[in-house]
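In the working numbering, the protein residues as written are 467 to 825.
Structure record follows, encoded as C-alpha cells.
And the structure:
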C-alpha cells in the first residue's frame with residue numbers, strides 16, 4: 467500500500483508513524499528510532515535494492531527460499547506486481563551463489579521469483595536459469611533445489627534436460643497456468659493456449675516420467691461463462707496435475723481487468739472455485755492412492771504434536787502450498803530423509819510409518 471499509494475496515504479493516514487516501501491528493509495530500524503522520538507517519517511523509495519539488504523532466514527534451518535529476481539514483465543491484466551515491484555530484475559549468479567553458500571547445510575533450496583524461468587534475460591541478454599542451477603547445485607551445502615513459478619512459455623528443452631539429468635534438482639515444477647481456455651487466457655494477457663499447455667505437460671512427462679506438476683488457476687475472471695469453467699474442469703481431468711491452487715478472481719483497481727465488463731458476483735466466483743477443487747480433489751486422491759503400499763523418501767519437517775507423529779514432505783510436496791506426509795517412527799530428526807512405507811491417504815496428505823516402527 468505505501469509503495470503504490472504513498473502520495474495519497476501519507477498525508478491522510480496520520481495515525482501511521484512510519485511508511486516503508488517494498489525495498490526499504492535497511493531503513494526499518496532508523497524508522498523505528500524516529501518513531502520513538504516522536505517523528506513521523508516517510509522512507510518509501512529510500513532503501514537499497516533487495517539483493518543488497520542482507521538476508522533474514524525465516525524458515526526452519528533445513529530448507530530455505532532463494533529469491534533470484536524481482537519485478538515482472540508479463541503484464542497480466544489482473545496483476546499489480548509490475549506497478550508495485552517494477553520491471554523484472556535478475557540478481558547476479560555470483561551473488562546468489564554466495565548467498566546460498568552462507569545458508570549452512572540446506573536439504574532443500576527453493577528458487578522463487580515472480581517468473582523464475584525468465585532469470586538472467588535482463589542481466590545477461592539471454593535466459594541463464596540453467597547456468598544458475600548448475601552453480602547452485604555445485605555447492606556442497608545444498609542437497610537439492612526446487613523450482614517454483616515457472617512460466618509455461620519459458621520452459622525450454624535446455625531447462626527440461628537440466629531438471630531431468632541433474633540429480634540435485636527435485637523432479638517437481640510449479641507452472642502457474644491460471645486458465646485453460648484460449649479466450650480467457652487472451653483476456654488475461656497470458657501467453658499460450660489450452661493445446662500448448664497440454665503439449666508441454668505431455669512433453670515434461672515423456673522426458674521426466676516421475677515429474678510432479680502443480681499449478682494455480684483463477685476462477686470467475688470477467689465474462690467467464692459456466693461452460694468455460696466446465697472446460698477448465700475437463701482440462702484438469704486431462705492434465706492430471708499432482709496439486710493445484712484455485713483462487714476467485716480479485717478485482718484490483720488500476721489493473722486492466724478492473725475495467726472489463728462482465729464482472730461476476732462473488733457468489734458465482736466462489737461456487738466455481740468449489741467446483742474446481744472438487745474435480746482436483748478426486749484427481750489428487752487417485753494420484754496419492756497409488757503410493758499406498760509403496761516406500762517413498764520423505765524429508766522430516768518436524769513433529770505433528772496434535773497427533774503424536776512426525777510430518778514431512780516427499781519430492782512432490784513443496785512447503786506450505788502442497789500436502790504433507792505424516793508418519794510414525796521411533797525417532798526422526800528435522801532435516802533428515804527417511805524411507806516411509808505409505809499405509810493410507812486422503813485427497814491431500816499421505817500417512818505411513820518407517821520400517822522400524824512397531825505399533
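The C-beta atom is built at its ideal place from N, Cα and C for all residues, glycine as well.
Cut-off 8 Å between Cβ atoms - residues of its own chain near residue i, not counting five sequence neighbours on either side
i, result
"residue 724", "717 and 718"
"residue 770", "776, 777 and 792"
"residue 742", "683, 685, 695, 698, 699, 702, 710 and 712"
"residue 827", "Residue 827 falls outside the range modelled here, since the chain spans only 467 to 825, and no answer is possible."
"residue 537", "547, 548, 551, 552, 553, 554, 555 and 580"
"residue 677", "629, 637, 638, 639, 670 and 671"
"residue 811", "751, 754, 755, 757, 758 and 817"
"residue 760", "807 and 808"
"residue 704", "664"
"residue 874", "With the chain covering 467 to 825 only, the question about residue 874 has no answer from this structure."
"residue 542", "644, 654, 655 and 656"
Under the three-state DSSP convention, the category residue i falls into
i, result
"residue 519", "Below a pLDDT of 50, predicted positions are generally treated as unreliable, and residue 519, at 48, falls in that range; no measurement from the model is reported."
"residue 807", "strand"
"residue 622", "coil"
"residue 695", "helix"
"residue 682", "strand"
"residue 761", "strand"
"residue 530", "strand"
"residue 586", "coil"
"residue 750", "helix"
"residue 784", "coil"
"residue 701", "helix"
"residue 481", "coil"
"residue 581", "coil"
"residue 631", "helix"
"residue 672", "helix"
"residue 555", "strand"
"residue 770", "strand"
"residue 667", "helix"
"residue 745", "helix"
"residue 475", "helix"
Sequence-distant residues of the same chain with beta carbon closer than 7 Å to residue i, five excluded per side
i, result
"residue 482", "none"
"residue 630", "673 and 674"
"residue 765", "573, 574, 778, 779 and 803"
"residue 767", "526, 777, 778, 779 and 800"
"residue 628", "596, 599 and 635"
"residue 762", "780, 806 and 808"
"residue 618", "641, 643, 658, 663 and 666"
"residue 738", "685, 686 and 695"
"residue 517", "Low per-residue confidence applies at residue 517: pLDDT is 49, beneath 50, and the placement is therefore not dependable enough to give any value."
Bounding residues of the alpha helix (DSSP H) (the contiguous stretch that carries residue i)
i, result
"residue 611", "Element bounds for residue 611: not the alpha helix (DSSP H) but the beta strand (DSSP E), 611-613."
"residue 498", "494-502"
"residue 576", "Where residue 576 is concerned, there is no enclosing alpha helix (DSSP H), although the beta strand (DSSP E) it sits in stretches over 574-578."
"residue 567", "559-567"
"residue 549", "547-551"
"residue 601", "595-603"
Same chain, Cβ closer than 6 Å to residue i, neighbours up to 5 away in sequence not counted
i, result
"residue 556", "535, 585, 586, 588 and 589"
"residue 831", "The first residue shown for the chain is 467 and the last is 825, placing residue 831 beyond what the model contains."
"residue 523", "530"
"residue 474", "none"
"residue 773", "none"
Element boundaries [beta strand (DSSP E), containing residue i]
i, result
"residue 818", "816-819"
"residue 802", "Residue 802 -> no beta strand (DSSP E), and no H or E assigned at all."
"residue 792", "791-794"
"residue 778", "775-779"
Integer-rounded CB distance, given that residue j should sit under 8 Å from residue i
i, j, result
"residue 832", "residue 576", "Nothing can be reported for residue 832: it is not among the residues displayed for the chain, which extend from 467 to 825."
"residue 754", "residue 816", "6 Å"
"residue 613", "residue 593", "Between residue 593 and residue 613 the Cβ distance is about 13 Å, and since that is not below 8 Å, they are no contact."
"residue 497", "residue 509", "5 Å"
"residue 643", "residue 615", "In fact, because the Cβ distance is near 12 Å, the residues do not count as touching under 8 Å."
"residue 429", "residue 653", "Outside the displayed range of the chain (467 to 825) lies residue 429, so it cannot be described from this structure."
"residue 715", "residue 740", "With 8 Å as the limit, residue 715 and residue 740 do not qualify as a contact, their Cβ atoms being about 14 Å apart."
"residue 486", "residue 495", "Not quite, the Cβ-Cβ distance comes to about 11 Å (not below 8 Å), so this is no contact."
"residue 601", "residue 559", "5 Å"
"residue 544", "residue 691", "About 17 Å; that fails the 8 Å criterion."
"residue 607", "residue 567", "6 Å"
Residue i CB to nearest heavy atom of the ligand MG below 7 Å
i, result
"residue 749", "As presented, the structure is devoid of all ligands, the ligand MG included, so that no description of it is given."
Inset, instruction - Quick one: which unbroken beta strand (DSSP E) runs of 3-plus residues sit fully inside the segment 635-664? Chain order, please. - result: 635-640
Legend entry - Whole beta strand (DSSP E) elements within the segment 709-743, 3-residue minimum: 709-714
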